[in-house]
Amino acid sequence: MERLMISQLSLVRGENEIPGNFTAVRGEYYINSIEKTGFFKLNGCMLDAQNDEDLRELLASKIMEQIQFPHADIIPAIDDNGENGCLSVNILNENEEFIDLSKTGQYRPINSIEDFINNDLDQISSIPGITSEDLRLRREYLLKYILVSALISNTDIKSDNMFIIQDASTGKYRNAEYYDMGLSFIECNNRKFFGKFSSKQIIEQLYELYPNQIAQFGKMIQEKLNEKYIESLLNEDFLNEFSIEDRELIMQQLKDRINFIKELNFREQNELAQQDKITDTEEEENDKKFKNSIPNINDLSKQIYDEITKKGIERIRCLFSSGTSLKEKIQFDAKEEYIKRMILVQMDIGKMLLTHKYSDLGWDSIPEFNRKSKEIRRKLLTNENLKFDEETLNLLFRNSLGITSQDQYEEWKEFIDNNGHNGKTFDSIYFEEEFKVKYENERNPIRKFFKSFKYRHMNKNRVLEDSYVKNVREMLKNEILKNPNNTFEAYRIVHSNLERGVIEYENIEEIEDITRMVLISLSTKQYMPISIEKTCKMIREEIKSGLGLSGNGMEYRQRQVTLGSKSGISNKPVIQTIPFEEIPDVMKGFQEEYQEAYNKEQSKEDYIRQITKIYADFIYVQPYEDGNKRTATCLFNSMLCSKGIIPPPISLSNDEQLIEAIYIAKDKDYTMLQDMIIDRYRELNDSNGNTDKKEKNIDKEFQK
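Going by the working numbering, the first residue of the sequence shown is number 121, and it counts up by one from there.
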């Protein structure tokens, strides 16, 4: 196996200059071929080391890459003395730094997996600026870390190997990629945490404690670490550097863990199948509940839609200013709460709050913004009362410029774009008002005399100006008088207020558009198949301007588009969509696929799985110029309602886990997405009373 010569690399920092307690690290070096730095770690420097940690770490990284777990890249290397080691590629990006958890307090004794997770979350929650979303992602990160550590028998599980990272420029946090796996493939009972358990026992406990999350990861391991992959792994050159005995032991351990995970996956599937087998009486009761509930939701959606047509945004405000609670069994005495939840998951509450309250406060406002927006998001994750407090209501529905029509919106927007409004730009009005205020406060009679001609000319022209220009003048004048020594502050404040006022109206339009789209999808006639093309047009007809759609929003796109970080499908590489000429035929294919699923004799969950596939494919086809993801979600609702199924609240606006599942579906792997939606469907229609327990667990987690 070819190794990088450390002597040929540039030393960035010596081992004494590198912060932290990294026993095996001998320095940080710049690697020209990848334009990154890496930490050179020498074999045999750690307790329990086998003098082949480089090979074990490389094998661990390859396995994590295969199962799509985040990890540090490993490059085999050798020093001047001929000592083997490896370069662990630096995982920090520009402006990022590790947060030392030891400064937040000491860990309590670890006696179980739950202790391990809860103690870590306690530590993390004490870091300034950490949000509930950060904690949710951290919990998922820990579960994956424990699972992969048990899979590869990693004995070096400790807090130093699972840092949290902060971007100093934005204040945002993220979890480190998994690294420092040199003590892997060594089965022993002296791990730093929960060391009294074997790897198999740890895996089994994970399945028992966190079945939903671990089952997803376990299926990934089962699918990706198949026999074909293991066979290809055996052909890797670096494995030949192990002794024959060690190589056989390592591969046997790995196969043993994979087979054990397969057994647990099979057991989970059987348990789910048993749960699905209910008596005829229970089936009859459930059907009765569905048939009674769907008309309620269907009728209420139509009713609220008609009221919005008459009262507009005020009806929506009233919807969120009252409420009881979303009952754990969703018996639809709380059906308005269900509709509110469906609307909310489609709205980007965080963006709206940021725009309305924090847009002119600079970067210092980000922690407070995160706290407030995540607090709202927490309400979406739990079955809380969806009644907004007065502050949130005022922020979301504020209309500081009093805009009531599209024409007024266009008039005000001209000032923001600075294209000129009736011959007057915002800049010109500002300079004129600055001149007038200075003239009126001029104490030198000669200067005032010469300026008086221009002053009178301005006053004369003002008579001909419309109300919008006059209002801006008044706003500027008042702000200039507040701080005559720094008149530019008036420019900044007024321009910011105008900009915010315009965006407030755009957000109000967006709230109304989203609400109408959701209500239209929920008012679909039950037990009657739909036309996908007609339903999409009906949904998109509810879009005015708030969603930023192009003028030709009803027709299929006529150009090539891509999906990537700009589209909101996670922060992933750009994805090419199908040629626009193929869209009409593909949409006909969707109709045939839907019709086949609708007419097929099958369970509700099997129907949902088939419809979920259409939902994912629709997003990647991108039939329209823009707004495809929201259209897809509302179409998904309509397809479910048409079969008498109450749709679970899902959206790509607020759900990172769903975004990841959708991204995986681009390769026609729909399993994760289907499982997620089935889980949410079950939670919505839980007849066993388990949702109350789940709700309490979620609340407990967020209270930390």
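Where is the CB? At the ideal position from N, CA and C, for every residue including glycine. It should be emphasised that the depicted structure is a prediction, and the values quoted were computed from it without experimental measurement.
If you check the CB distance, leucine 618 and valine 557 do not come in under 8 Å. Between the C-alpha atoms of glutamine 128 and leucine 207 there is a straight-line separation of about 13 Å.
Burial of lysine 533 is indicated by the presence of at least 16 other C-beta atoms within 10 angstroms of its C-beta.
Bridge pairing for methionine 125: Ile198 [DSSP]. Per the C-alpha coordinates, the member of Met125, Arg176, Ser572, Ile652 positioned closest to arginine 367 is Arg176.
Taken through DSSP and simplified to helix, strand or coil, isoleucine 244 comes out as helix.
Within 10 angstroms of the beta-carbon of phenylalanine 236 lie 16 or more other beta-carbons, which makes it buried.
Listed in chain order, the non-local C-beta contacts of glycine 621 below 6 Å within the same chain comprise Ser520, Leu521, local neighbours out to five positions each way being set aside.
In this chain, the alpha helix (DSSP H) harbouring lysine 657 covers 652-660. In terms of Cα proximity to arginine 435, the closest of Phe517, Ala144, Glu388 is Phe517. Ile628 is the residue among Glu594, Cys438, Phe305, Ile628 whose C-alpha sits nearest the C-alpha of threonine 524. Counting of Cβ neighbours within 10 angstroms places histidine 191 among the buried residues, the total reaching 16 or more.
For the pair isoleucine 211 and glutamate 511, the Cα-to-Cα distance works out to about 41 Å. Separation of the CB atoms of glutamate 531 and tyrosine 588 is rounded to 5 Å, and the pair is thereby assigned contact status at 8 Å. Contact annotation: the segment 348-367 does not touch the segment 280-292, with fewer than three C-beta pairs closer than 8 Å. Inclusion of threonine 791 and lysine 339 in the CB contact set at 8 Å is warranted, their separation being smaller than that value. When C-alpha distances from leucine 345 are compared across Glu328, Lys544, Asn332, Met371, the shortest belongs to Met371. Beta-bridge pairing by DSSP links lysine 161 to Val145, Cys206. Short of 7 Å from the beta carbon of glutamine 678, and not among the five residues preceding or following it, lie these beta carbons of its own chain, in chain order: Phe700. Between threonine 251 and arginine 258, the alpha-carbon positions lie close to 11 Å from each other. Rounded to the nearest angstrom, the gap between the Cα atoms of valine 145 and cysteine 165 is 9 Å. Cα atoms of serine 318 and serine 273: separation of roughly 9 Å, rounded to the nearest angstrom. When the beta-carbon positions are compared, lysine 375 and glutamine 342 stay at least 8 Å from each other.
The way I'd put it, the segment 644-655 does touch the segment 757-771; three or more beta-carbon pairs between them come closer than 8 Å. Separation of isoleucine 731 and glutamate 661 (C-alpha to C-alpha, rounded to the nearest whole angstrom) is 23 Å. Within a 10 Å sphere around the beta-carbon of arginine 636 sit 16 or more other beta-carbons, which makes this residue buried. According to the DSSP assignment, phenylalanine 508 belongs to no beta strand (DSSP E), since it is labelled neither H nor E. Under the criterion of beta carbons closer than 8 Å, leucine 683 and tyrosine 425 do not qualify as touching, at roughly 31 Å.
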